[in-house]
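This report concerns only the one structure given below.
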Amino acid sequence: MANYYDIGDILAEEELVPTVFQYGANGVGLFDSSDDADKFHFHDLFLARSKTREEIAADAAHVDLRSRSPYFYELGCKIALLIRDRTIGPFLLVAFQTRYRDVLVKAHALTLTMTPKYLTLLTNEEIKLYEAGQSSIAAFKKWRMGGPRFQVAPVLGRKRKLT
Amino acid sequence: MAGTSDPHASAFSAAELEFLAEDEMIEIVPNLRMDALNFISGDFGPFRPQIPTQAPLWLAVALKKRGKCTIRAPEWMSVDKLTQVLEAERDSDKFQPLPFHYVEISRLLFDHAQGDIPDTYMVRSLIEDIKDVRFHKIGKGLESISGGGTFALKLKNLSAMEANIVRPFVTRALETFYKLSSSDMIQETDNAPNRQQTANRGPRRQLKDR
């Protein structure tokens with residue numbers, strides 16, 4: 033229940049809704065051979081021998097997880113609970129571990145080299161991580177540059193219309 | 347600020363850390379005569395010309411700006427000491443003991459009291475190098491934490507500014523690792539009635555040994 037108010041969680045669940053519905057509908061008649069293209073796509077994300085898994089085993093850092101789903105990790109956690117596939121958890125963990133190292137290095141690069149293409153590969157959680165690192169480094173550099181200690185609060189800048 | 351709605355903000359802004367650092371004591375040589383100042387935080391003074399006294403950094407900087415004193419560089423800020431520290435940082439994997447606010451103190455002194463520090467350029471570049479080496483060590487250490495069992499980190503002798511820079515990143519990363527590993531445990535209890543496995547929080551791993 034702790035995730036009830038977490039906006040990320042809510043959005044991830046939003047994402048999940050269309051696919052779960054299809055899965056549930058098909059799961060009723062489990063071996064229903066209705067050829068559902070969407071169901072395939074959803075399964076491909078986490079199926080044991082899927083293309084995604086192979087890509088991650090090869091080079092986790094550069095796999096474009098965002099195009100699979102911006103909420104890759106959250107989706108994975110929920111699906112793991114639903115379909116009781118025990119290999120998903122460790123798979124997610126390993127993927128995150130390898131990618132996390134890259135995010136770490138790039139986020140804290142003291143020089144502001146733009147890596148726009150790299151950002152499109154990251155899922156939402158990873159982007160938050162990246163931004164957290166980036167913003168604190170930027171704030172530190174700004175402080176080191178010096179500058180006025182006290183700044184006028186933006187609220188005071190507005191002129192009020194005296195009607 | 348601690349209360350902003352921006353979830354990415356560190357617990358402290360850099361300016362706030364500087365504010366906290368200004369409470370550190372430093373030695374000054376006043377050139378005015380003044381009676382003791384009584385503050386809630388303590389009493390400072392009395393100030394007599396050419397007699398060195400201890401004063402908090404904020405007071406020292408304020409007096410210096412008005413030309414009422416000269417500041418004596420703290421003893422860790424000498425070329426010899428800093429060279430020693432730099433060598434030790436480069437050779438060892440641990441962090442060398444340094445004043446907790448050394449980054450902020452050095453910036454303040456360079457900004458306001460540049461003339462009072464002997465060998466300013468040398469000292470400045472040494473401190474920059476020390477900072478870079480330590481930062482690099484932090485990065486190395488962070489790379490090594492794997493999701494398996496790490497739920498807390500211990501970094502001995504880290505300074506205030508360094509801790510503040512990595513704080514948002516590390517807390518988020520640890521949170522995500524925890525979420526991902528705990529989902530494994532949930533699966534375990536679903537399939538097997540073995541209760542003991544959920545209590546296993548993984549081995550305690552310390553990044554920097556004592």
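Each protein sequence line maps, in turn, to chains A and B. Just so we're aligned, residue 33 is where the first sequence starts under our numbering, counting upward by one. Just so we're aligned, residue 347 is where the second sequence starts under our numbering, counting upward by one. For every residue, glycine included, the Cβ atom is placed at its ideal position computed from N, Cα and C.
Check your understanding: Would you say B/L289 faces chain A, with C-beta separation under 7 Å as the test?
Key -> There is simply no residue 289 of chain B to check, as chain B begins at 347 and stops at 556 in what is shown.
Review point. Of all the alpha helix (DSSP H) runs that stay within the bounds of the segment 443-509 of chain B, which reach a length of 4 or more residues?
Key: 448-458 and 466-489
Practice item. Have a look at A/S167 and B/V516 and give me their C-alpha separation to the nearest angstrom. Key: Against the first sequence, residue 167 of chain A aligns to sequence position 135. Against the second sequence, residue 516 of chain B aligns to sequence position 170. Near 13 Å, if we compare the C-alpha coordinates of B/V516 and A/S167.
**Study point:** chain A residues whose Cβ lies nearer than 8 Å to that of B/E435
**Key:** One-based indexing of the second sequence puts residue 435 of chain B at position 89. In chain order: nothing, as chain A lies at least about 18 Å away.
Point to revise | B/E370 - DSSP class collapsed to helix/strand/coil | key: Stepping through the second sequence from its first residue, residue 370 of chain B is reached at position 24. Coil.
**Study point:** Selected residue, minimal CA-CA separation from B/R480, among B/A361, B/F523, B/I511 and B/I451
**Key:** Along the second sequence, read from residue 1 onward, the residue named residue 480 of chain B stands at position 134. Of B/A361, B/F523, B/I511 and B/I451, the residue nearest in Cα terms is B/I511.
Check your understanding: Are three or more beta carbon pairs between the segment 434-450 of chain B and the segment 381-400 of chain B nearer than 8 Å?
Key -> no
Point to revise | Stretch pair the segment 379-390 of chain B + the segment 418-430 of chain B: three plus CB contacts closer than 8 Å | key: no
**Study point:** 7 Å CB neighbourhood of B/I463 in its chain, flanking five on each side removed
**Key:** Residue numbering aside, residue 463 of chain B sits at position 117 when the second sequence is read from its first letter. Counting only Cβ-Cβ distances below 7 Å, and skipping sequence neighbours, we find A419, M423, L455 and V469.
Exercise for review: Determine the contact status of B/A506 and B/L363, defining contact as a CB-CB distance below 7 Å.
Suggested key: For the purposes of this step, residue 506 of chain B is taken as the residue at position 160 of the second sequence. For the purposes of this step, residue 363 of chain B is taken as the residue at position 17 of the second sequence. Closer than 7 Å, so yes.
Review point. A/V137: which of B/Y448, B/L488 and B/P443 sits nearest, CA to CA?
Key: Residue mapping note: residue 137 of chain A aligns to position 105 of the first sequence, counting from 1. Among B/Y448, B/L488 and B/P443, the Cα nearest to that of A/V137 is on B/L488.
Check your understanding: Using Cβ-Cβ distances below 7 Å, what residues of the segment 375-396 of chain B are close to chain A?
Key -> none
Point to revise | Whole-angstrom distance between B/L405 and B/D389, CA atom to CA atom | key: One-based indexing of the second sequence puts residue 389 of chain B at position 43. One-based indexing of the second sequence puts residue 405 of chain B at position 59. Approximately 12 Å, taken between the alpha carbons.
**Study point:** CA-to-CA distance, B/D478 to B/K411, given in whole angstroms
**Key:** Sequence index remark: in the second sequence, residue 411 of chain B carries index 65 (1-based). Sequence index remark: in the second sequence, residue 478 of chain B carries index 132 (1-based). Rounded to whole angstroms, B/K411 to B/D478 spans 30 Å at the Cα level.
Practice item. Spatial neighbours of B/T522 within its chain, please: CB distance less than 8 Å, with the 5 preceding and 5 following residues excluded, ordered by chain position. Key: For the purposes of this step, residue 522 of chain B is taken as residue 176 along the second sequence, with counting starting at 1. There are no such residues.
Review point. Ordered along the chain, which non-local residues of its own chain (more than five positions away) have a Cβ less than 6 Å from that of B/H458?
Key: Residue numbering aside, residue 458 of chain B sits at position 112 when the second sequence is read from its first letter. Excluding positions up to five away in sequence, the list reads V407 and K410.
**Study point:** For B/R418: DSSP bridge partner residues
**Key:** Locating residue 418 of chain B in the second sequence gives position 72, counting from the first residue. Paired residues: B/E373.
Exercise for review: Compute the Euclidean distance between the alpha carbons of A/Y162 and B/V449, then round it to the nearest angstrom.
Suggested key: Residue mapping note: residue 162 of chain A aligns to position 130 of the first sequence, counting from 1. Residue mapping note: residue 449 of chain B aligns to position 103 of the second sequence, counting from 1. Distance between the alpha carbons of A/Y162 and B/V449 is about 24 Å.
Practice item. Can you say whether B/P376 is buried or exposed, counting buried as having 16 or more other CB atoms within 10 angstroms of its CB? Key: Counting from 1 along the second sequence, the entry for residue 376 of chain B is found at position 30. Per the 10 Å Cβ criterion, buried.
Practice item. For chain B, find out if any of its Cβ atoms is closer than 7 Å to the Cβ of A/L154; answer yes or no. Key: One-based indexing of the first sequence puts residue 154 of chain A at position 122. No, because no Cβ of chain B sits closer than 7 Å to the Cβ of A/L154.
**Study point:** Inter-residue CB distance, A/F123 and A/T155 (contact presumed, cutoff 8 Å)
**Key:** Position 91 of the first sequence holds residue 123 of chain A. Position 123 of the first sequence holds residue 155 of chain A. The Cβ separation is near 14 Å, so there is no contact.
Check your understanding: What residues in the segment 162-181 of chain A bring their beta carbon closer than 8 Å to a beta carbon of chain B?
Key -> E163, A164, G165, S167, S168, I169, A171, F172, K174, W175, R176, G178 and R181
Review point. Among A/K174, A/A90, A/F128 and A/K173, which one has its Cα closest to the Cα of B/L520?
Key: On the second sequence, residue 520 of chain B is found 174 positions in, with the first residue counted as 1. Closest by alpha carbon: A/F128.
Point to revise | Chain-order list of residues whose beta-carbon lies under 7 Å from that of A/F63 (same chain, five-residue window excluded) | key: For this step, residue 63 of chain A is matched to residue 31 along the first sequence. Unreliable positioning characterises A/F63 in this predicted model, as indicated by a pLDDT of 36, which lies under 50. A coordinate reading is not provided.
**Study point:** Spatial neighbours of B/E421 in its chain, beta-carbon cut-off 8 Å, leaving aside the 5 residues before and after
**Key:** As a first step, residue 421 of chain B is located in the second sequence; it is residue number 75 there, counting from the start. Counting only Cβ-Cβ distances below 8 Å, and skipping sequence neighbours, we find K427.
Check your understanding: Around the Cβ of B/E433, are there at least 16 other Cβ atoms within 10 angstroms (buried) or fewer (exposed)?
Key -> In the second sequence, residue 433 of chain B corresponds to position 87, counting from 1. Exposed, because fewer than 16 other Cβ atoms sit within 10 Å of the Cβ of B/E433.
Review point. Short check: CB of A/E158 to CB of A/V135, under 7 Å?
Key: In the first sequence, the residue the question calls residue 158 of chain A occupies position 126. In the first sequence, the residue the question calls residue 135 of chain A occupies position 103. Result yes, Cβ atoms of A/E158 and A/V135 sit closer than 7 Å.
Check your understanding: What's the call for B/E508, buried or exposed, on a 16-neighbour Cβ count within 10 Å?
Key -> Along the second sequence, one-based indexing puts residue 508 of chain B at 162. B/E508 should be labelled buried.
**Study point:** 7 Å Cβ cutoff met for A/A170 and B/A360
**Key:** As a position in the first sequence, residue 170 of chain A is number 138, starting the count at 1. As a position in the second sequence, residue 360 of chain B is number 14, starting the count at 1. No, the pair does not count as a contact, with Cβ atoms beyond the cut-off.
Review point. What is the rounded straight-line gap between the Cα of B/I476 and the Cα of B/H447?
Key: Here residue 476 of chain B refers to the residue found at position 130 when the second sequence is read from its first residue. Here residue 447 of chain B refers to the residue found at position 101 when the second sequence is read from its first residue. In a straight line, the C-alpha of B/I476 is about 14 Å away from that of B/H447.
Review point. Any chance the CB of B/P402 is under 6 Å from a heavy atom of the ligand COA?
Key: In terms of ligand content, the structure shown is empty, and the ligand COA therefore cannot be addressed.
Point to revise | Cβ pair B/R518, A/A164 closer than 7 Å | key: Here residue 518 of chain B corresponds to residue number 172 of the second sequence, with the count starting at 1. Here residue 164 of chain A corresponds to residue number 132 of the first sequence, with the count starting at 1. Contact: yes.
Practice item. Report yes or no: is there a C-beta of chain A within less than 7 Å of the C-beta of B/I473? Key: Position 127 of the second sequence, counted from the start, is the residue given in the question as residue 473 of chain B. Closer than 7 Å: no.
Point to revise | Proximity of B/N503 and B/P445 at Cβ, strictly below 7 Å | key: Position 157 of the second sequence holds residue 503 of chain B. Position 99 of the second sequence holds residue 445 of chain B. No.
Practice item. Apply the 10 Å Cβ neighbour rule to B/I386 and answer buried if 16 or more other Cβ atoms are within range, or exposed otherwise. Key: Taking the second sequence and counting its residues from 1, the one referred to as residue 386 of chain B is at position 40. Per the 10 Å Cβ criterion, exposed.
Exercise for review: Let me know if B/L366 comes out buried or exposed under the rule of 16 or more other beta-carbons within 10 Å of its beta-carbon.
Suggested key: Position 20 of the second sequence, counted from the start, is the residue given in the question as residue 366 of chain B. So B/L366 counts as exposed.
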